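Using the numbering used here, the letters of the sequence shown map in sequence onto residues 10 to 187.
So the structure is just underneath, and the comments pick up after that.
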Amino acid sequence: MSEEHSVAYEGIAGLLEAVWGEGYLSPGGPEEIAFLLEGVDLSGREVLDVGCGVGGIDLLLVQQCGAGRVVGVDVDAALVEQASRRAAERGLSDHAIFRAVEPGPLPFPNGSFDVVFSKDSILHIADKEGFCVEVHRVLRPGGLFVASDWMRRDDNPPSAAMEHYLELEGLGFGMGSP
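Encoded structure:
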């Protein structure tokens, strides 16, 4: 991501946090994380968060869910820097680690994580099949892939508030298959 684009996105990130809460760049917050992880014990486990943004979810996974170590990755270095700063401010730098990555293969050895987590990020990944192969590769045997993403049914239009958000973000929905 270019430096100019990154600076612009960092400003947008601040706006999104003002709307969705500190550390969150999309709707759902801690309640959605609790729902996604219902019945999942993260105590002492190694977690990879794909699309970590500014790290709010990662800090929650360590502080409230007891994850042993969370590695958050994102394509935007400015967001990763913010996430690292937040972890340091909370004394969690040993448990919440953040890395800027390029799209494509994940920069981790096979079997590195007990859990791969992703919230509202997969829609930005062009090669979804390749991504799934990578998730499987970096998971330990018996590991879990926990993800949530934007989806919309054609027969259930978004609320007026969601339509406004989509318009502000320049987003739309579509479905395609090869």
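From the three backbone atoms N, C-alpha and C, an ideal C-beta is built for every residue, glycine too.
For clarity, every value in this text was computed on a predicted model and none was experimentally measured.
Residue range of the unbroken alpha helix (DSSP H) whose run includes residue i
i	result
Gly139	Lys137 to Val147
Local conformation of residue i per DSSP, three classes
i	result
Leu46	coil
Pro150	strand
Leu115	coil
Pro166	coil
Ile134	coil
Opposing strand residues paired with residue i [DSSP bridges]
i	result
Phe126	Asp58 and Val155
Any chain B beta carbon closer than 8 Å to residue i
i	result
Ser121	Here chain B cannot be found, since the structure has a single protein chain.
Residue i burial status per 10 Å Cβ neighbour count (16 or more: buried)
i	result
Leu132	exposed
Val49	exposed
Val142	exposed
Gly120	exposed
**Item:** Any alpha helix (DSSP H) of 4 or more consecutive residues that is wholly inside the stretch 48-113
**Value:** Fully enclosed alpha helix (DSSP H) runs of 4 or longer: 65-72 and 86-98.
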